[in-house]
Amino acid sequence: MYRMHPEESAFGVESSPERERLAATPGFEVLFLLQKFTTEAERYSEVVRRHHGLARNDIHAINAVVEADRTGATVTPRDLRRLLILSSAAMTSVLDRLEASGHLQRHPSPVDRRQLVLSSTPSARATGREMFDPMVEHMMPVLGEYSEEQIALFEEMITKLTDAIAAAREEVQAAEG
């Protein structure tokens, strides 16, 4: 578990009573563990995406479209551009590349034929399984050590923490103008 150096603030060199109060709050150490988890997951993703010749934004785009397909949601190029925080030109480049490689398809929207919607292909889903099954195979036995109630609590916590990160990102984006 991470322990701060006695002279270190929880948030770096500069300290304040509010920051120190947060650092003393139960669960604060979990943030460091989540950071470590996220970093390791990013490293894994980096290794497998390079092996498959995909760019970082390609992986994020495929993941978002596969997730939308899985949940029955629709995603447009504009939705994806906002989600990935890309320019229109960069988003077009990602979509062109993924469509050419057979991972994504663009279709006219059934609601508004002037708009396009994105869908994943069997190739994208197969590539995703090939890339991430080894990670899942290592993680599932760990999750299997916990009860259904503990897993449900973990799911609730991760969902709320993810929402908190999204709220913080939106706040920063709004402040940037």
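Residue numbers (this note's numbering): 182 to 358. Note that the Cβ used here is the ideal one computed from N, Cα and C, for glycine as well. None of the values given here were measured: they were computed from a predicted structure.
Based on DSSP bridge pairs, tell me the residues matched to residue i.
i	result
residue 286	300
residue 256	299
Quick one: residues in its chain with C-beta nearer than 8 Å to the C-beta of residue i, no 5 flanking neighbours on either side, listed in chain order?
i	result
residue 250	300, 301
residue 306	247
residue 244	309
residue 238	265, 267, 271, 275
Would you report the Cα separation of residue i and residue j, rounded to the nearest angstrom?
i	j	result
residue 352	residue 264	15 Å
residue 223	residue 328	27 Å
residue 281	residue 228	22 Å
residue 346	residue 221	18 Å
residue 218	residue 294	42 Å
residue 325	residue 337	17 Å
residue 341	residue 331	15 Å
residue 288	residue 200	49 Å
residue 357	residue 197	24 Å
residue 355	residue 291	32 Å
residue 274	residue 350	25 Å
residue 213	residue 343	15 Å
residue 257	residue 235	21 Å
residue 129	residue 286	This structure cannot speak to residue 129, because the chain is shown only from 182 to 358.
residue 211	residue 348	19 Å
residue 314	residue 215	21 Å
residue 252	residue 261	15 Å
Assuming residue i contacts residue j (C-beta within less than 8 Å), just tell me the rounded distance between them.
i	j	result
residue 279	residue 242	6 Å
residue 225	residue 320	Rounded, the Cβ-Cβ distance is 10 Å, inconsistent with contact.
residue 240	residue 230	5 Å
So, for residue i: in the same chain, excluding its five sequence neighbours on each side, which residues have a beta-carbon less than 7 Å away from its beta-carbon?
i	result
residue 304	283, 284
residue 233	308, 312
Between which residues of its own chain and residue i is the CB-CB distance below 6 Å, once the five residues before and five after are set aside?
i	result
residue 209	none
residue 255	298
Do the stretch 266–273 and the stretch 202–215 make contact, defined as three or more Cβ pairs closer than 8 Å? no
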